[in-house]
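Accompanying notes for the structure given below.
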Amino acid sequence: MIEHVHPKQRKLQLRRFQLINRPWKITAISMALAMVVTAVLLYFTGNMGSIRPAMAIVIVGSGVPSYFIARLVVHYQHIVETQNAELLKMNRELAINNAELEAYAHTVAHDLKGPLFTIRGYAGVLKRQLNGTTSPKALEMVGHIEMSSQKMDSIIRELLLLSQVHRQEVETAVLNMHELIAHAEAQLAGLIQQSGGQISYPSEWPTAVGYAPWVEEVWLNYLSNGLKYGGQPPRLECGAAYQNDNHVRFWVRDNGPGIPPEQVRLLFKEFTRLDKSRNDSHGLGLSIVHRIIEKLGGEVGVESIPGEGSLFYFTLPGEKYVSQYQKTTPAGAPRHP
């Protein structure tokens with residue numbers, strides 16, 4: 000057969016023929032190489048069935064490993080590409096499902112606001128009509144309707160905010176923290192008076208960047224939790240400090256009973272209620288805080304020792320990022336034309 004090959008190609012073809020037809024032998028090196036490659040492929044693919052063809056290539060190909068390693072790499076690359084394609088497909092399907100669930104939750108929450116507004120309106124009318132009557136029980140029942148409708152309104156509001164934080168892209172700017180915390184305090188005036196709570200905070204705040212309406216929600220959540228579940232009466236201390244990573248750490252420290260270590264890791268998960276005595280808690284607030292701060296480029300956390308109170312904190316980008324924004328128009332401050 001070799002005489003039918005072009006003279007210039009005979010030497011190369013003869014060498015290839017000899018290589019293909021020489022006796023097979025399995026050496027210790029090839030076995031070790033096969034074991035290593037098998038372990039690596041099993042670790043990355045988790046599929047032994049995908050590895051066996053590659054093992055055979057390495058073992059049979061002992062003696063001239065470079066050619067067979069090249070084939071092995073191609074085979075492994077095919078496995079990785081196949082699995083990556085499957086993961087990409089699953090991620091796309093998951094993203095679509097999550098988007099549909101988010102849209103459904105937003106629609107349901109929004110549709111509930113109308114009937115709830117009607118319930119609260121009629122409850123107010125009944126309360127006014129029952130004032131001065133001899134039906135204290137009826138008046139008490141109307142009061143329960145009002146309280147329950149307020150709680151439901153809070154839940155709907157937080158569901159809408161949770162959906163908004165996940166879906167909406169916002170423009171961040173330098174924050175006027177004085178105004179944000181003042182707005183939060185104003186919304187909590189009734190709770191502060193009812194609990195006899197006191198809130199202290201610094202006269203100057205470090206400069207930070209964020210989205211004002213969302214950061215106000217974070218303060219509102221931390222402060223309301225401190226007033227509800229802090230000491231008797233609650234004493235809250237707000238503060239802030241720069242960190243080494245060019246972020247600012249803000250916190251609210253309370254004088255409450257503290258939180259057991261096994262419960263701390265569950266605090267920022269959605270629909271988690273740790274204290275059965277907190278009947279007005281529906282487990283959304285801290286998960287919203289987590290989503291907000293994570294989307295703004297920061298972190299959340301809590302430091303707590305049972306019997307010594309808790310410190311809830313969040314971080315936001317600090318001075319390093321201020322040059323990207325106009326310092327004269329902080330988010331949350333009034334803008335004049």
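The sequence shown: position 130 = 129 (numbering that gives the first Met the number 0), numbered continuously.
Each residue gets a CB set at the ideal place from its N, CA and C atoms; glycine is no exception.
Everything numeric in this text was worked out from a predicted model, so none of it was measured.
Reference residue i, options the options, closest by Cα
i	options	result
ASN175	VAL214, LEU190 and SER162	VAL214
GLY296	SER303, GLU168, GLY131 and GLY189	GLU168
GLY195	ARG248, GLN231 and PHE311	GLN231
VAL251	VAL124, ALA240 and LYS126	ALA240
VAL299	ARG264, GLU307 and GLY308	ARG264
ARG290	SER148, ARG166 and SER147	ARG166
ALA122	GLU178, ALA137 and VAL301	ALA137
GLU318	VAL288, HIS246 and GLU307	HIS246
SER199	GLN149, ILE180, GLU216 and LEU93	ILE180
LYS150	THR81, LEU115, PRO201 and TRP218	LEU115
GLN118	ASN130, ASN90, SER147 and LEU93	For clarity, residue 118 is Ile in the given sequence; the question names Gln instead. Taking only the C-alpha atoms, the option nearest ILE118 is SER147.
VAL164	VAL288, LEU310 and ALA185	VAL288
HIS177	GLU236, TRP204, SER153 and GLN192	TRP204
LYS112	LYS126, HIS143 and ILE155	ILE155
LYS294	GLU184, ARG91 and VAL217	VAL217
ALA183	GLY120, PRO212, SER202 and GLN193	PRO212
MET140	LEU125, ASN90 and GLU92	LEU125
ASP152	CYS237, GLY131, GLY120 and ASN90	GLY120
CYS237	ASP244, GLY229, TYR228 and PRO201	PRO201
ILE292	GLY229, GLY255, LEU187 and TYR221	TYR221
Residue i classed as buried or exposed, judged by whether at least 16 other C-beta atoms fall within 10 angstroms
i	result
ALA84	exposed
SER303	buried
SER162	buried
GLU157	buried
PRO316	buried
VAL219	Strictly speaking, residue 219 in this sequence is Leu, with Val absent from that position. The residue in question, LEU219, is buried, as its Cβ has 16 or more Cβ neighbours within 10 Å.
ILE95	exposed
ASP110	exposed
ASP253	buried
GLY142	exposed
LEU86	exposed
GLY131	exposed
LEU93	exposed
Counterpart residues of residue i in DSSP-defined beta bridges
i	result
PRO198	For the sequence presented, residue 198 should be read as Ile rather than Pro. DSSP lists LEU235 as partners of ILE198.
GLY209	ALA172
Residues near residue i in its chain [Cβ-Cβ closer than 6 Å; skip 5 each side]
i	result
GLN197	ARG234
THR171	VAL208, GLY209 and TYR210
LEU285	LEU266 and PHE267
ARG248	ALA240, GLN242, TYR312 and THR314
ILE144	ALA122
Own chain, CB closer than 7 Å to residue i, minus 5 neighbours either side, in chain order
i	result
PRO259	PRO305
LEU190	SER223 and LEU226
LEU160	GLU216 and ILE287
ARG21	With a pLDDT of 49 at ARG21, under the threshold of 50, the modelled position of that residue is not reliable, and the figure given next carries that caveat. Closer than 7 Å at the Cβ level, and outside the excluded window around ARG21, lies no residue.
PRO135	none
Residues near residue i in its chain [Cβ-Cβ closer than 8 Å; skip 5 each side]
i	result
GLY257	SER303, ILE304, PRO305, GLY306, GLU307, GLY308 and SER309
LEU129	ALA137, LEU138 and VAL141
LEU187	LEU219, LEU222, SER223 and LEU226
GLY255	GLY225, TYR228, GLY229, GLY230, PRO233, GLY308 and SER309
In chain order, which beta strand (DSSP E) runs of at least 3 residues are fully inside the stretch 230-315? 234-241, 246-252 and 299-303
Just list the alpha helix (DSSP H) runs in the stretch 85-168, keeping only unbroken ones of 4 residues or longer that don't cross its boundaries, in chain order. 135-166
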